[in-house]
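Working notes, beginning with the structure itself.
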Amino acid sequence: MRCIPGPMDTSGRKGSDMNIFSLFTLCGGLAFFLYGMTVMSKSLEKMAGGKLERLLKRMTSNPIKSLLLGAGITIAIQSSSAMTVMLVGLVNSGVMELGQTIGVIMGSNIGTTVTAWILSLSGITSDNVFVQLLKPESFSPIVALIGIILIMFTKSSKKKDIGSVCIGFAILMTGMTMMSGAVKPLADLPQFKEVLTILDNPIVAILVGAGITALIQSSAASLGILQSLAMTGSISFSMALPVIMGQNIGTCITALLSSIGTTKSAKRVTAVHIYFNVLGTVICLSGFYIANSIFHFTFTDQPISSFMIAVVHSAFNLITTFILLPFCNQLEKLAVITVRDKRLKPGKQDPHAVLLDERLLLSPSFAIAECRNATTKMANLVRDTILDAIGLLSHFDSATAEKIEKNEETIDQYEDKLGSYLVKISSKNLSTSDSNDVSQLLHTIGDFERIGDHAVNLLRVAREIHDKDLKFSEKAQQELEVFTGAIIEILNITTDAFVENNLQLSYEVEPLEQVIDSLKVELKNRHIRRLQEGKCTIELGFVLSDILNNFERVSDHCSNIAVCLIQIKDSTMDTHGYLNEIKTSGDPRFTGYYNRFTSKYTLPESRHKKAPQEVPVKS
């Protein structure tokens with residue numbers, strides 16, 4: 210291939226030639242840029258953990274908070290596209306409403322401007338050493354060295370994540386440098402300048418910016434390409450302005466693709482994103498050309514620097530947000546009008562529908578947070594179902610019985626879908642904290658599901674009592690009420706401990722479980738004595754035994770959940786060892802709780818019963 214000769218520099222040396230290898234370098238630089246951006250954004254997101262998702266829910270009560278939050282999260286994860294995909298997933302899961310996402314989308318567009326400012330540092334020119342150090346290509350090798358040291362020589366997962374961020378940044382800047390070097394010879398090609406004349410048409414320029422961004426699915430990368438071209442001095446302000454606006458439109462492609470197969474509400478998130486960027490482009494571009502026709506700006510035909518591209522990009526997003534923020538409700542209505550759906554009749558919506566969006570798997574921390582939310586719903590549903598079943602033992606009701614059976618089916622769905630989803634998450638590259646959360650949820654959902662099974666078992670017992678009109682003696686009823694009170698309390702403590710992630714409550718569960726075991730043994734012994742005395746029937750004995758066994762099994766599962774919460778916190782899962790230690794070591798906290806619950810749940814005529822000095826360990 211014939212090389213096109215470049216100009217002679219001042220020393221008489223021939224300048225660089227543009228050839229096919231320059232194209233290879235450009236493509237390679239783009240690949241480095243995209244990979245570095247991906248590594249950096251994923252590592253930043255991993256470090257943030259589920260905090261981002263919790264913030265999204267807590268701080269989207271008004272547009273200003275949503276705006277600031279969207280900007281902050283996008284700066285943290287360095288990807289507005291990823292932010293929008295998260296929003297689509299959260300709305301599709303029913304976690305967020307459409308109105309909550311609008312401010313976040315606007316803030317995300319502002320947050321993404323930070324990347325352009327970092328890239329603009331490459332255009333710094335000065336002989337001053339300290340100024341030179343501000344150039345990314347000057348300090349990125351040091352950043353890369355720090356990153357590799359952190360990854361190879363530290364054990365902390367957080368430090369390794371920081372190292373990955375450093376490596377990602379260094380790779381990104383290497384890609385930017387490669388792209389800048391590859392396009393530099395283009396400045397001397399008359400053919401290149403002829404091609405650029407098409408950008409004099411703002412419509413074409415918008416389409417070019419949107420097309421390139423849509424193709425590579427990264428506004429940061431397309432902006433980096435534009436900044437690299439700007440360093441050749443061939444891009445004027447009037448060319449760059451519509452291209453930048455087109456890039457904002459092109460970034461919507463990621464959200465558009467992610468919304469395929471989602472609910473109507475999720476599709477509206479994408480619609481809002483598109484409307485915001487398109488309306489912003491129309492308003493700002495129209496305003497600029499009107500102002501230019503009046504004031505005749507002199508800078509429009511002058512070359513634009515990479516620094517000014519960052520300025521224009523930031524100004525465009527800030528102005529667009531400032532203009533459209535008061536019209537959030539109108540944007541929402543426009544999206545609803547555009548994406549219509551049939552309204553569900555009252556009562557058709559299932560408050561316990563298990564919605565875990567696959568799109569959130571791209572952001573494991575968000576996915577884990579959603580699993581925790583779903584498990585919380587499951588835990589509360591299990592508690593309500595058990596309490597309903599206990600109530601049926603004394604007052605049977607057909608409607609409540611039907612509700613229990615329906616709830617049990619829903620609980621089974623929770624376990625099935627959560628288990629499958631958590632397994633998918635566990636295959637991702639997780640931080641230590643996220644990995645512990647996945648382990649905790651995988652262990653607890655099974656126990657919650659088993660508790661739900663015991664609710665159905667109690668329902669069968671309640672139905673038998675009702676159908677056969679069985680009645681316990683007054684003394685047996687009193688004893689059973691004491692036992693029931695202990696079961697209700699351990700269930701409430703366990704559920705609250707999980708929902709609130711309260712370790713202090715978790716430590717109360719095992720002492721109460723031991724009290725329940727002792728109560729069960731004593732109740733069975735008293736029942737045998739009543740049988741021997743002819744005060745009770747064998748049929749009632751079977752019913753009582755079923756109740757006691759189911760209650761005791763519920764307390765066992767509560768114990769499993771509480772121990773899991775404690776052990777995950779300590780990064781160990783030696784359940785047997787833990788139980789043995791607290792019961793035989795004379796732990797004052799365990800003993801104190803055990804004595805308190807023993808006094809609280811004392812059977813009639815056994816009020817002076819002392820707590821055993823040593824609690825036997827269950828096998």
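Numbered by our numbering, the letters in the sequence shown go through residues 210 to 828 in order. Even for Gly, the Cβ is constructed at its ideal location relative to N, Cα and C.
In the DSSP output, what is residue i paired with across the bridge?
i	result
serine 636	Answer is none; serine 636 lacks a bridge partner.
serine 445	Pro512
Do residue i and residue j have their C-beta atoms closer together than 8 Å?
i	j	result
glutamine 511	serine 445	yes
glycine 390	threonine 234	yes
glycine 455	alanine 430	no
histidine 663	valine 763	yes
valine 413	isoleucine 407	yes
leucine 714	isoleucine 702	yes
glycine 433	glycine 245	no
histidine 208	arginine 659	Residue 208 is absent from the model: the chain starts at 210 and stops at 828.
valine 632	aspartate 755	no
glutamate 541	isoleucine 319	no
methionine 382	proline 345	yes
asparagine 769	aspartate 646	no
alanine 480	threonine 547	yes
isoleucine 699	glutamate 722	yes
valine 300	valine 478	yes
serine 231	proline 394	yes
leucine 435	alanine 423	no
lysine 729	glutamate 761	yes
asparagine 589	threonine 704	yes
alanine 280	serine 250	no
glutamate 254	isoleucine 286	yes
proline 350	proline 411	no
lysine 626	leucine 565	yes
glutamine 649	isoleucine 777	yes
methionine 295	serine 640	no
glutamate 731	leucine 679	no
threonine 509	serine 447	yes
tyrosine 716	arginine 805	no
threonine 321	serine 289	yes
isoleucine 599	glutamate 624	no
leucine 571	isoleucine 634	no
proline 720	leucine 534	no
valine 374	serine 474	no
Hey, residue i and residue j are a contact pair by Cβ (cut 8 Å); roughly how many whole angstroms apart?
i	j	result
glycine 372	isoleucine 380	The pair is not a contact, with the Cβ atoms about 13 Å apart (cut-off 8 Å).
asparagine 457	serine 428	7 Å
leucine 276	glycine 308	The pair is not a contact, with the Cβ atoms about 13 Å apart (cut-off 8 Å).
serine 329	valine 392	With 8 Å as the limit, serine 329 and valine 392 do not qualify as a contact, their Cβ atoms being about 16 Å apart.
valine 313	alanine 464	At roughly 12 Å, the Cβ-Cβ gap does not stay under 8 Å, so valine 313 and alanine 464 are not in contact.
leucine 834	leucine 668	A query on residue 834 cannot be resolved here, the shown segment of the chain reaching from 210 to 828 and no further.
isoleucine 376	isoleucine 358	In fact, because the Cβ distance is near 11 Å, the residues do not count as touching under 8 Å.
isoleucine 518	isoleucine 425	So it is not a contact: roughly 17 Å between Cβ atoms.
threonine 609	aspartate 597	5 Å
asparagine 666	asparagine 759	5 Å
methionine 440	serine 515	6 Å
- In the segment 298-372, which residue ranges form an unbroken alpha helix (DSSP H) of at least 4 residues, counting only runs that do not cross its ends? Taken in chain order, the unbroken stretches of alpha helix (DSSP H) that lie wholly in the segment 298-372 and span 4 residues or more are 307-320, 322-329, 338-341 and 345-362.
- Query: Enumerated in chain order, which unbroken segments of the alpha helix (DSSP H) with a length of 4 residues or greater are wholly contained in the segment 490-569?
  - Reply: 515-533 and 537-547
- Message: Does the structure place the segment 743-752 close enough to the segment 695-704 that three or more beta carbon pairs sit under 8 Å?
- Response: no
- Item | Complete alpha helix (DSSP H) runs within the segment 669-716 (minimum length 4 residues, chain order) | The segment 669-716 is shown to contain whole alpha helix (DSSP H) runs of 4 or more residues at 683-709, in chain order.
- Message: Across the segment 483-495 and the segment 524-532, are there enough close Cβ pairs to call them in contact, namely three or more that are closer than 8 Å?
- Response: yes
- Task: Tell me the start and end of each unbroken alpha helix (DSSP H) in the segment 400-467 that is at least 4 residues and wholly inside, in chain order.
- Result: 411-425, 428-439, 446-459 and 461-467
- Query: Counting pairs of beta carbons, one from the segment 566-576 and one from the segment 672-684, are three or more of them closer than 8 Å?
  - Reply: no
- Contact the segment 608-628 vs the segment 678-687: 3+ CB pairs below 8 Å: no
- Length at least 4, wholly inside the segment 717-785: the alpha helix (DSSP H) runs in chain order: 747-778
- Jot down the residue ranges of each uninterrupted alpha helix (DSSP H) in the segment 563-622, minimum 4 residues, whole runs only, in chain order. 573-601
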